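Colleague: Shown below is the structure under consideration.
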Amino acid sequence: MQLVDRIKDFIEANKSSGMSQNKFATALGINPAYISGYIKEGSSYKYADKVEEPAKNYLDNFIKKIDVAQDELPFVRTKDAKSIHAVIGWAVQDRDMAMISGVAGSGKTRAVREYVRTHPDSILIEATINTSAKSLFKILARELGLNDKGSIDELIRQSAEALKKVSRTIIIDEAEHLPYRALESLRRMHDFSRATLVLVGTNKLLINLTASKSGNELEQLSSRVGNKWILGGLSYVDEDKKKIRDDLEAVCKNFGVTQKPCIDLIEALAKGNFRKTEKLLRRAKMLSEYAKTPINEDVVKEATKMLLL
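Counting from 57, one number per residue, gives the positions in the sequence shown under this note's numbering.
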C-alpha cells in the first residue's frame with residue numbers, strides 16, 4: 057500500500073477519536089498544508105520529503121490508546137463495596153456523618169463512584185493536596201448551583217442553607233489531604249444543615265480523626281461520625297480465622313483466571329490490594345495475548361517484572 061493511502065486510511069479509521077489532517081500534521085510536527093498537498097499529489101508533491109519519513113515512522117509505531125471507559129473493569133460488588141454502600145445508606149437515613157478509610161488501592165474511589173452513579177442526588181468532590189477550605193466550598197457552591205463568590209464564612213452558610221432545602225449527600229474523596237480549616241468548615245456546614253457528609257480517604261484520614269495528637273483538634277468532627285468502614289481488601293481472615301477470598305476470585309474470573317495455583321500466586325504478590333491485583337491481571341492478560349497462551353503462573357511471574365508491587 058502506498059504511503060498516501062496509508063495516511064488516508066489512518067485518518068479515516070481514527071475519525072471517531074477526533075483525528076483529522078490538521079491533527080495528523082500536529083502529531084508529526086509539520087505544517088498542515090504539507091499533509092494536504094501530499095494527499096492530493098502523493099510522492100510527486102514538492103514537499104514530499106517533509107512528510108514521508110515522519111509519516112512512515114508515526115504510522116509504523118502508532119499505538120492506539122484504549123478508551124478508558126471501554127477498558128474499565130466491570131464493577132465487582134466486593135464485601136468492601138457492599139459495606140461502603142451500606143454505611144453511606146445509613147448515614148443518609150440518619151442525616152449523619154460517615155467515614156470510609158483504607159490503604160491506597162483498596163477500592164474506595166471505585167466504590168464511591170459507583171454509589172454516586174446510582175444515586176444522582178449525591179455530590180462527589182475529589183480533594184487534592186492543594187485543596188483549601190475556600191476552594192472546597194467554591195466547588196461545592198458550583199455543584200449546588202450557587203454563587204461561588206464571597207468569604208469562606210459566606211460560602212459555608214449559603215451552602216448550608218441550600219442543603220437544608222434539598223436532600224443531597226456530600227462525599228469528599230481523598231479527604232486525608234484536607235487541612236484542619238477545611239475539615240472544621242465541613243463540620244460547621246453539617247451542623248447548620250444536617251446534610252449527609254461522607255469523608256473518604258487513606259488511613260491517614262483515620263489517624264487524623266482518632267490519633268491523640270490531632271484528635272484533640274478534630275474531636276468535634278470525629279465525635280459526629282456515626283458510621284465508618286475500614287476496607288479489608290480482596291482477601292481477608294474472618295472472625296473464625298478462616299481465609300475468605302471470594303472477592304479476589306471474582307476479580308480474577310473477569311480476566312479468565314480460575315485455577316487455584318494461579319490465584320494463590322496473585323494473592324501472594326498483590327496481597328489482596330484491589331488496584332495492584334487489577335494491574336497485575338491486566339499486564340498478565342497483555343502478555344498472554346502476545347504469547348497466545350492462557351494466563352498461568354509463569355505469565356503472572358513475568359508480569360511482575362513490569363510492576364511495582
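Even glycine gets a Cβ: it sits at the ideal position worked out from N, Cα and C.
Computed from a predicted model, the values in this text were never measured in an experiment.
Within 8 Å, do at least three Cβ pairs link the segment 143 to 161 to the segment 195 to 208?
Modeller: The segment 195 to 208 vs the segment 143 to 161: no contact.
Colleague: Roughly how many angstroms lie between the CA atoms of S278 and A111, to the nearest whole one?
Modeller: Distance between the alpha carbons of S278 and A111 is about 60 Å.
Colleague: Who does W285 pair with in a DSSP beta bridge?
Modeller: For W285, which the question treats as bridged, DSSP gives the partners I156.
Colleague: So, using beta-carbon positions, are L365 and A326 closer together than 8 Å?
Modeller: Taking 8 Å as the Cβ cut-off, L365 and A326 qualify as a contacting pair.
Colleague: Which same chain residues, not among the five before or five after E68, have their C-beta less than 6 Å away from its C-beta?
Modeller: Around E68: no qualifying Cβ.
Colleague: According to the Cβ coordinates, are A251 and R224 closer than 8 Å?
Modeller: Contact: yes.
Colleague: Keeping to the same chain, check which residues put their C-beta closer than 8 Å to that of G282; ignore five residues upstream and five downstream.
Modeller: If we look at G282 and ignore the five residues flanking it on each side, its Cβ neighbours are W146, A147, D150, D152, M153 and A154.
Colleague: Just list the beta strand (DSSP E) runs in the segment 212 to 284, keeping only unbroken ones of 3 residues or longer that don't cross its boundaries, in chain order.
Modeller: Listed in chain order, the complete beta strand (DSSP E) runs (minimum 3 residues) inside the segment 212 to 284 are 225 to 229 and 252 to 257.
Colleague: When you compare only the Cα positions, how much space is there between A216 and K164?
Modeller: Computed Cα separation, rounded: 26 Å.
Colleague: Which of the three DSSP states, helix, strand or coil, is assigned to L84?
Modeller: Three-state DSSP puts L84 in a helix.
Colleague: Which one of G93, G161, S162 and F118 has the shortest CA to CA distance from V107?
Modeller: Per the Cα distances, G93.
Colleague: Give the range of the alpha helix (DSSP H) segment to which L115 is assigned.
Modeller: A104 to N117 is the extent of the alpha helix (DSSP H) around L115.
Colleague: Are the CB atoms of A160 and T266 within a distance shorter than 8 Å?
Modeller: No, they are not a contact pair.
Colleague: Take every Cβ of the segment 172 to 188, pair it with every Cβ of the segment 230 to 237, and state whether three or more of those distances are shorter than 8 Å.
Modeller: These segments touch.
Colleague: Report the CB separation of Y114 from A83 in whole angstroms; it is logged as a contact under 8 Å.
Modeller: About 6 Å; that satisfies the 8 Å criterion.
Colleague: Quick one: Cα of A359 to Cα of E345, how far?
Modeller: Those two C-alpha atoms are separated by around 12 Å.
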